[in-house]
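Peer 1: The opening position of the sequence shown corresponds to residue 582 in the numbering used here, with each subsequent residue numbered one higher. Ideal Cβ positions, reconstructed from N, Cα and C, are used throughout, including at glycine. One structure, as structure tokens, below. Some questions next.
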Amino acid sequence: MGKNLMEEQTWRLIKEDVERALKSYSPDQEPEYLVQAYYQKMQSNPNLDHDNLLSICMDFFLAGMETTTTTLRWSTLILAKHPEVQEKIRKEILSVIGANGIPRTSYKPRMPYTCAAIMELQRFANIIPANAVHRTVRDTSVGEYRIPADTLVFGAIHQVLAHSPVYKDGHEFRPERFLMEDGITANKEAVEQFCPFSIGKSQCAGEALARVELFVGLVTLLQHYKIERAKAHPIDLESISGIVLSPKEQPLRLVPLTL
């Protein structure tokens, strides 16, 4: 499916959901949905409009589903291409959680390699080309560059994750970059530069949820399955441009583990 068609269908579905929510809206009743609450505010605030409402709904859609799903799709492909990383994660999972234990985020402090691998999967997949738009509220400067007030500013997430000097050889998939030499302690500099969700004070609304979903989802998958590439189908890690950078659809094998 082409980029434009995907975006058009996404916007169409969001518009339909907004219209559906507004049909049951009554100014005399307490709003039942975010859409209704925002619409209520629009009536008294000229700076809010219908386009803003649609954009906010798109933000929640991306934060709540699209980015996490896309990251997990990338993760299966990357781990199929790097079985040695997959096995190290699984070894840690079985050691800490066990074959039948329920993955919980409370296990994360005891699973440094798994956490490093998830960060590297996000960094390597690098699915968000640019951050949400920010606006300068006064004249300022960054280094030698002067930036006037009311300038729109985009955080180049993709550039940071792919080309920051902190992530040397950024084209290589290497979870160890997020760990010190002992393989346990987090690499503070690499972690501080890590920004797959957003840059700046306006943080992604779904970041906390996404972190939980990625950890629990990936750990559960690797706890029960081995991910392999399908025979005669080499892994292609070239991305498809869109609202987020998605992987190409390609076959994989999930082999149940008998432990």
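Rounded to whole angstroms, what is the Cα-Cα separation between G798 and P729?
Peer 2: Those two C-alpha atoms are separated by around 44 Å.
Peer 1: Please classify P693: is it buried, with 16 or more other beta-carbons within 10 angstroms of its beta-carbon, or exposed?
Peer 2: Buried.
Peer 1: Can you give me the Cβ contacts of C696 inside the same chain, cut-off strictly under 6 Å, excluding the 5 residues immediately before and after it?
Peer 2: Excluding positions up to five away in sequence, the list reads K689.
Peer 1: Can you find the residues in the same chain that come closer than 6 Å, C-beta to C-beta, to R834, ignoring five residues on each side of it along the sequence?
Peer 2: Same-chain partners within the cutoff: E809 and A811.
Peer 1: CB-CB under 7 Å to T651, same chain, minus the five flanking residues each way: which ones, in chain order?
Peer 2: Here the set comprises I708, V825 and S827.
Peer 1: Contact check, F735 vs V718 under 8 Å by CB: the rounded distance?
Peer 2: Going by Cβ atoms, the distance from F735 to V718 rounds to 16 Å, so no, they are not a contact pair.
Peer 1: Which of the three DSSP states is assigned to K749 in this structure?
Peer 2: Coil.
Peer 1: Output the distance between the C-alpha atoms of Y614 and M646, rounded to the nearest integer angstrom.
Peer 2: Whole-angstrom Cα-Cα distance: 18 Å.
Peer 1: For A767, which residues does DSSP report across the bridge?
Peer 2: Answer is L760, bridged to A767.
Peer 1: Return helix, strand or coil for S656, following the three-state DSSP convention.
Peer 2: Residue state, collapsed to three classes: helix.
Peer 1: Using 8 Å as the threshold, is the C-beta distance between L803 and I699 below it?
Peer 2: For L803 and I699, no; Cβs fall outside 8 Å.
Peer 1: Which term fits I780, buried or exposed, when burial requires 16 or more other beta carbons within 10 angstroms of its beta carbon?
Peer 2: I780 is buried by the Cβ-count criterion.
Peer 1: Between F641, Y620, E819 and M761, which has its C-alpha nearest E830's C-alpha?
Peer 2: The shortest C-alpha separation from E830 is found at E819.
Peer 1: What did DSSP end up calling T722 once you bin it into helix, strand or coil?
Peer 2: Inspection of the sequence shows that residue 722 is occupied by Ser rather than by Thr. Strand.
Peer 1: Inspect the beta-carbon positions of A791 and T649 and report whether they are closer than 8 Å.
Peer 2: Result yes, Cβ atoms of A791 and T649 sit closer than 8 Å.
Peer 1: Here's the rule: buried if 16 or more other CB atoms are within 10 angstroms of the residue's CB, otherwise exposed. What is K584?
Peer 2: Unreliable positioning characterises K584 in this predicted model, as indicated by a pLDDT of 49, which lies under 50. The coordinate reading is nonetheless provided below. With fewer than 16 Cβ atoms within 10 Å of its Cβ, K584 is classed as exposed.
Peer 1: In terms of residues, what are the limits of the alpha helix (DSSP H) holding H911?
Peer 2: The requested residue 911 does not occur in the structure, where the chain is confined to residues 582 to 840.
Peer 1: In whole angstroms, what separates the C-alpha of L742 from that of W592?
Peer 2: Using only the alpha carbons, I get a separation of about 28 Å.
Peer 1: Measure the C-alpha to C-alpha separation of G823 and R654 and round it to an integer number of angstroms.
Peer 2: Cα to Cα, the separation comes out at about 15 Å.
Peer 1: P777: buried (16+ other C-beta within 10 angstroms of its C-beta) or exposed?
Peer 2: Result: buried.
Peer 1: Does F641 pass the burial test, meaning 16 or more other C-beta atoms within 10 Å, or should it be called exposed?
Peer 2: Its Cβ having fewer than 16 others within 10 Å, F641 is exposed.
Peer 1: Around the C-beta of N712, are 16 or more other C-beta atoms found within 10 angstroms, so that it is buried, or is it exposed?
Peer 2: By the neighbour-count rule (16 or more Cβ atoms within 10 Å), N712 is buried.
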